[in-house]
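Here's the structure, in structure tokens; my notes come after.
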Amino acid sequence: MARSILVVEDEPTLRETLAESLEAEGFEVTQAADGRRALEAFRQAKPDLILLDLMLPEISGLEVARTIRAESRVPIIMLTARDSEIDKVVGLELGADDYVTKPFSMRELSARLRAVLRRTELVPDTTVPALVDLGRVQIDLAGHRILRGGEELPVKPKVFELLAFLLRHPGQVITRDQLLERVWGYDYAGETRTVDVHVHWLRAVIEDDSSRPALLKTVRGVGYVLRRPE
Ligand code: CA
Numbered sequence: 526m527a528r529s530i531l532v533v534e535d536e537p538t539l540r541e542t543l544a545e546s547l548e549a550e551g552f553e554v555t556q557a558a559d560g561r562r563a564l565e566a567f568r569q570a571k572p573d574l575i576l577l578d579l580m581l582p583e584i585s586g587l588e589v590a591r592t593i594r595a596e597s598r599v600p601i602i603m604l605t606a607r608d609s610e611i612d613k614v615v616g617l618e619l620g621a622d623d624y625v626t627k628p629f630s631m632r633e634l635s636a637r638l639r640a641v642l643r644r645t646e647l648v649p650d651t652t653v654p655a656l657v658d659l660g661r662v663q664i665d666l667a668g669h670r671i672l673r674g675g676e677e678l679p680v681k682p683k684v685f686e687l688l689a690f691l692l693r694h695p696g697q698v699i700t701r702d703q704l705l706e707r708v709w710g711y712d713y714a715g716e717t718r719t720v721d722v723h724v725h726w727l728r729a730v731i732e733d734d735s736s737r738p739a740l741l742k743t744v745r746g747v748g749y750v751l752r753r754p755e
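Mapping the sequence shown onto the working numbering, position 58 (from 1) lands on 583, and the numbers just tick up by one.
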């Protein structure tokens, strides 16, 4: 299945050039010329990645990024004409995954884009809200907190990261190797046993009865799957 990309750029020549090059590389491309249409296209086309120009008429690229991030974890690469640290910092704080400064070559953009897509190879669910209710606990994904009755529960950072990753891939069976790679990092020289230990800790937090997990199931010989929250 072709990966789909939403190209948001008000400058028609650049937008067309980007769309043509990306289509030639096998991507499905949707185009938007301003922030309002970008948000419409994002909600309709549900792209796998968004290329987002920072300087847009009507609604700025930063505002568009903020709005999209409140609704979705879809990867965003910002296109900025200004080589300004502030823009980069703000863009990344708003949840952009990367940025490319104009002028850029298609080769450079393509490399960045593929790197971001590789990081999201297990296609994340882009509709996961910032606050997820698992019944027993509530997960504040943006704030990196697990709450019960409004109180923050102390959990190890890796336990939270594991949960956050699973929440973004609900209903997908994920192997221990994939979890090690994605949660602990490619360079981590640990063992899959590490994953099992963290799953054990995580179940103690989210399950009513962690000896009979209802949310985070073991798929024997493969890995784990988190039930899609209702
Ligand atoms: Ca522009």
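Note that CB positions come from ideal geometry on N, CA and C, so glycine has one too. Here the structure is a predicted model, which is why all the values come from computation and not from measurement.
Whole-angstrom C-beta distance between residue j and residue i, which should lie under 8 Å
i	j	result
L759	L577	A question about residue 759 goes unanswered here, because the residues of the chain that appear run from 526 up to 755.
A655	A636	Not confirmed; about 30 Å, so no contact.
A590	G620	6 Å
Of the residues the options, the one placed nearest residue i, counting alpha carbons only
i	options	result
F685	T652, G715, V730, R643	V730
R522	L547, L581, A549, P572	Here the chain covers residues 526 to 755 and nothing more, so residue 522 does not appear.
L579	T652, P572, K627	K627
E553	L741, P738, L574	L574
P572	G746, S635, T651	T651
S735	R591, A527, E588, R661	R661
E588	L617, R752, E677	L617
E596	F567, L634, A606	F567
G696	G586, E545, T743	T743
R644	V599, L751, P738	V599
A689	L678, D665, G674, E676	D665
A487	I584, T555, D733	Nothing can be reported for residue 487: it is not among the residues displayed for the chain, which extend from 526 to 755.
P754	E732, V625, T717, G715	E732
M631	G674, V615, S546	S546
F629	V615, A606, P649	A606
R528	S585, P649, A563	P649
L659	S585, G746, P738	P738
CB contact below 9 Å: residue i versus chain C
i	result
K742	The structure shown contains no chain C, having only a single protein chain.
Beta-ladder partner(s) of residue i, from DSSP
i	result
T605	T626
R637	Note: R637 sits in no beta bridge, so no partner.
A557	V533
D734	For D734, which the question treats as bridged, DSSP gives no partner whatsoever.
K742	V750
R784	Absent from the structure is residue 784, since the part of the chain shown begins at 526 and ends at 755.
D658	Q663
D578	L604
I699	Y749
L678	I671
C-beta atoms of residue i and residue j nearer than 9 Å
i	j	result
V698	G748	yes
V653	R693	yes
K683	H725	no
D622	I601	yes
R540	E548	no
V720	L704	yes
L751	V680	no
P537	A558	yes
V641	E633	no
L672	L678	yes
L498	I530	There is no way to answer for residue 498, as the model of the chain reaches only from 526 to 755.
Starting from the N-terminal end, write out each residue whose C-beta falls within a distance shorter than 5 Å of any non-hydrogen atom of ligand 1. Cβ atoms closer than 5 Å to ligand 1 belong to D535, D578, M580.
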